[in-house]
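The next block holds one structure in the form of structure tokens; read it before the comments.
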Amino acid sequence: MAEAKRIDGKVFAEGLRVRVAEQVRDLKENHNISPGLAVVLVGNDPASEIYVRNKNKMCGEAGIKSFEHKLPDETTQKELLTLIDGLNSDPAVNGILVQLPLPDHIDEQAVLAKIDPAKDVDGFHVFNAGKLATGAPGLVPCTPLGCLMLIKDQLGDDLSGKRALVLGRSNIVGKPMAALLLREHCTVTIAHSRTQDLAEECARADILVAAVGRANMVKGNWIKPGATVIDVGINRLPPNDEGKSKLAGDVDYGEAVQVAGAVTPVPGGVGPMTIACLLRNTVVAACAQNDIEVPEV
Ligand code: GUN
């Protein structure tokens with residue numbers, strides 16, 4: 077069997093960011109609106125700092141104003157909620173993102189609940205999660221949205237009747253991914269750490285999305301021949317003999333390419349899609365707040 081197609085998320089995300097930048101220019105020209113995104117980072121988690129820096133850079137390139145709020149680790153929940161209140165009422169801010177995870181002394185759900193759902197570009201507020209679950213239009217979490225775009229680019233827009241398996245049940249990826257695929261009329265199974273016969277469940281799937289955070293867990297013989305495999309995992313492997321530590325996905329890529337129809341690599345697959353979808357969501361939010369029809373992307 078021929079090797080699977082390598083789904084290039086980096087190239088797809090670049091194209092998406094170009095299209096979003098065009099929409100930002102249109103908003104300025106036709107409506108005098110400059111979309112703005114506020115990114116809040118509490119503490120100094122090195123990985124989060126890199127994500128936030130990238131988000132600001134990509135905003136700049138797309139013509140979106142970014143407002144960065146870096147707060148010390150000892151920030152109280154009350155102080156954070158007060159900041160969000162201010163951002164909720166700031167007309168220059170169309171989108172608000174609070175980088176997760178938050179320090180242990182802060183209640184994540186209370187913080188997410190404080191964000192105005194109309195500015196919730198992460199789609200994590202229960203109001204937006206509920207809209208997605210009930211099939212109403214709203215802001216959709218960025219990583220699953222990016223995964224769906226890659227799946228449709230591979231399989232076409234009609235996913236009706238396909239068997240989809242989502243491995244992982246987080247609020248950030250697994251649950252919204254399952255809801256999105258259900259909305260596309262897939263037959264959706266959610267598998268997780270307590271699932272029995274995981275390999276068997278995977279082997280039935282035309283679409284397999286892995287988001288569990290365990291390096292190389294999904295083996296080639298778990299995959300249905302010809303399946304579309306989307307790997308959300310970003311796992312840092314222990315350093316090799318030269319002291320270099322590489323990234324690995326949740327899927328054993330070397331094995332998967334021998335069986336699947338198409339697979340996303342790590343890095344360069346889903347990762348770049350998340351920020352591109354965040355920019356897209358900021359445009360969606362800015363349009364909705366100003367009663368402007370949201371352009372197709
Ligand atoms: N931490 C890891 N992924 C995400 C994400 O998509 N949004 C936010 N806010 N924090 C994250």
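Numbering (the working numbering) for the sequence shown: 77 to 373. Note that CB positions come from ideal geometry on N, CA and C, so glycine has one too. These numbers come from a predicted model, not from an experiment.
- Residues lining ligand 1 by the Cβ criterion, that is a Cβ closer than 6 angstroms to any of its heavy atoms, are L173, V174, Q175, L176, D198, C218, T219, I248 and T350 in chain order.
- Cα atoms of V264 and P341: separation of roughly 23 angstroms, rounded to the nearest angstrom.
- Counting C-beta atoms within 10 angstroms of its own C-beta, I126 has fewer than 16 neighbours from the protein chains shown and is therefore classed as exposed.
- For the region 111-197, the continuous beta strand (DSSP E) assignments of 3+ residues that do not extend past its boundaries occur at 112-118, 141-147 and 171-174, in sequence order.
- Using a 10 angstroms sphere on the CB of N108, the tally of other CB atoms stays under 16, which defines it as exposed.
- Straight-line measurement puts the Cα of A114 at about 12 angstroms from the Cα of G136.
- Rounded to whole angstroms, H201 and K190 show a C-alpha spacing of 8 angstroms.
- With contacts defined by Cβ atoms closer than 8 angstroms, V335 and A287 do not form a contacting pair.
- Inter-residue distance for D102 and D149 is about 39 angstroms (C-alpha atoms, whole angstroms).
- Following the DSSP letters along the chain, one finds V285 inside the beta strand (DSSP E) bounded by residues I283 to A286.
- Here DSSP, grouped into helix, strand and coil, assigns V335 to coil.
- 8 angstroms or more divides the Cβ of V197 from the Cβ of A324.
- Judged by DSSP secondary structure, A303 falls outside any beta strand (DSSP E); it is assigned neither H nor E.
- By the C-beta density criterion, T219 is buried, having at least 16 other C-beta atoms within 10 angstroms.
- Taking I351 as reference, the option from N130, V116 and G119 with the minimal CA-CA separation is N130.
- Annotated as proximal: R239 and A281, with beta-carbon spacing under 8 angstroms.
- Excluding residues up to 5 positions away in sequence, L113, N132 and C135 lie with their Cβ nearer than 6 angstroms to the Cβ of S142 in the same chain.
- Counting along the chain, R356 sits inside the alpha helix (DSSP H) bounded by residues G347 to Q365.
- T210 carries a helical assignment under DSSP once its states are collapsed to helix, strand and coil.
- The beta-bridge partner set that DSSP reports for K81 consists of A338.
- Here L147 is near L156, since their CB atoms are less than 8 angstroms apart.
- Judged by DSSP in its simplified three-state form, V249 adopts coil rather than helix or strand.
- Where T271 is concerned, there is no enclosing beta strand (DSSP E), because DSSP gives it neither an H nor an E.
- According to DSSP, residue pairing for R280 in a beta bridge does not occur.
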